[in-house]
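Convert by adding 261 to the 1-based position in the sequence shown; the result is the number in this note's numbering. We treat Cβ as the ideally placed atom computed from N, Cα and C, and that holds for glycine. Worksheet: one structure, shown below.
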Amino acid sequence: MLYGLLAVVLMAMDHRGHWVPRVRSAVEFAVEPVYHVIEWPVHALRNLYGQFQSRRSLRHENRRLEVELLGQQAELQRLETLVEENRRLRALFEGAESLEFDYRFAELLHVDLDPFSHQVLIDLGRRDDVVPGQAVIDGAGVMGQVEDVHLHYSSVRLISDPNHALPVQINRTGLRTVAFGTGKTGVLNLPSVPLEADIREGDLIVTSGLGERFPGGYPVARVTTIEREEGATFARVWAAPLAALDRGREVLLIVTPPREPTRATEVEEAMGGDDSAELPSAETAADPDAETGGEG
262 MLYGLLAVVL MAMDHRGHWV PRVRSAVEFA VEPVYHVIEW PVHALRNLYG
312 QFQSRRSLRH ENRRLEVELL GQQAELQRLE TLVEENRRLR ALFEGAESLE
362 FDYRFAELLH VDLDPFSHQV LIDLGRRDDV VPGQAVIDGA GVMGQVEDVH
412 LHYSSVRLIS DPNHALPVQI NRTGLRTVAF GTGKTGVLNL PSVPLEADIR
462 EGDLIVTSGL GERFPGGYPV ARVTTIEREE GATFARVWAA PLAALDRGRE
512 VLLIVTPPRE PTRATEVEEA MGGDDSAELP SAETAADPDA ETGGEG
């Protein structure tokens with residue numbers, strides 16, 4: 262009852278003097294700081310929550326971008342691998358375009374570069390009509406010959422094997438000789454080159470075709486070192502194979518009537534009887550610095 266009477270009195274006074282709005286404004290001005298003080302924690306909490314949500318969203322976005330970047334990097338590496346593989350295959354088949362015989366593509370399964378035996382395994386075998394003696398090449402030069410054939414794979418003796426010998430000739434002059442493996446993938450030895458023969462460092466060595474074991478005229482190596490010792494019958498000649506004996510992944514298997522793989526002992530016997538034509542051991546042949554001699 263009292264509050265109702267008070268309300269009527271205030272309404273009458275406001276109607277007469279219009280002072281209630283002024284009182285209301287004064288009260289609002291007085292309590293405004295209190296209102297801001299009360300509202301500040303609420304705004305702060307809202308801002309903090311918003312920042313938390315933003316940071317969480319940024320973390321999720323960063324994680325998504327990191328995963329996407331890793332995927333793109335992996336894809337780029339795969340593309341680079343494919344580009345390199347395409348380059349190798351292009352070189353391989355471009356090198357085979359000039360060949361006058363059939364060939365088959367093969368991939369390396371295993372590489373064994375033991376100092377006493379340089380062999381690789383290829384993914385063609387007896388079921389693919391592979392037979393011992395077939396020549397194996399890559400896009401740069403001769404690699405070796407098939408030695409053992411199994412059902413699904415075959416072993417290939419590389420030209421760097423110390424028991425391998427390859428009839429060759431100097432491309433510039435036609436001089437025929439034999440290239441022996443030394444047990445090192447980067448060195449072949451030509452021990453039967455006459456002392457006064459016309460041979461130079463950088464000369465290209467190709468297959469001679471003798472013995473019908475390798476097609477004639479295919480690149481084998483380049484002469485790297487020539488040593489001529491006064492009074493000797495033969496010069497000491499070393500060459501670097503052109504084929505990627507320790508790096509390639511793809512090879513070509515020559516399809517020709519094969520012969521048995523050439524071994525160094527067979528060549529020595531064929532040259533036999535001439536004491537002055539003594540051939541160096543594999544250890545000596547493998548290292549041009551193993552013996553001293555005058556530069557050619």
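Extent of the continuous beta strand (DSSP E) run through residue i
| i | result |
| --- | --- |
| residue 465 | 465–468 |
| residue 435 | Taken as a continuous stretch (DSSP letters only), residue 435 belongs to no beta strand (DSSP E), as it is neither H nor E. |
| residue 409 | 403–410 |
| residue 495 | 495–502 |
| residue 513 | 511–516 |
| residue 490 | It is not in any beta strand (DSSP E) - residue 490 carries neither H nor E in the DSSP assignment. |
| residue 391 | That residue, residue 391, is in no beta strand (DSSP E); it is neither H nor E in DSSP. |
Per DSSP, the bridge partner or partners of residue i
| i | result |
| --- | --- |
| residue 380 | 373, 418 |
| residue 367 | 512 |
| residue 219 | With the chain running from 262 to 557 in the structure shown, residue 219 is simply not present. |
| residue 305 | Bridge partners of residue 305: none, in fact. |
| residue 454 | 496 |
| residue 442 | 449 |
| residue 486 | 499 |
| residue 426 | 441 |
Inter-residue spacing [alpha-carbon to alpha-carbon] between residue i and residue j
| i | j | result |
| --- | --- | --- |
| residue 464 | residue 434 | 9 Å |
| residue 309 | residue 326 | 25 Å |
| residue 478 | residue 402 | 10 Å |
| residue 481 | residue 443 | 15 Å |
| residue 437 | residue 427 | 11 Å |
| residue 410 | residue 367 | 14 Å |
| residue 418 | residue 508 | 15 Å |
| residue 323 | residue 316 | 10 Å |
| residue 412 | residue 475 | 24 Å |
| residue 365 | residue 318 | 57 Å |
| residue 400 | residue 512 | 8 Å |
| residue 266 | residue 307 | 44 Å |
Discussion item. For the structure I just gave you, are there three or more beta carbon pairs, one from the segment 486–499 and one from the segment 447–459, closer than 8 Å?
Written reply: Yes: the two stretches touch, three or more of their Cβ pairs being nearer than 8 Å.
Discussion item. When you compare the segment 491–502 with the segment 368–381, are there three or more beta-carbon pairs, one atom per stretch, that lie closer than 8 Å?
Written reply: Touching, no, given that fewer than three Cβ pairs across the two stretches are closer than 8 Å.
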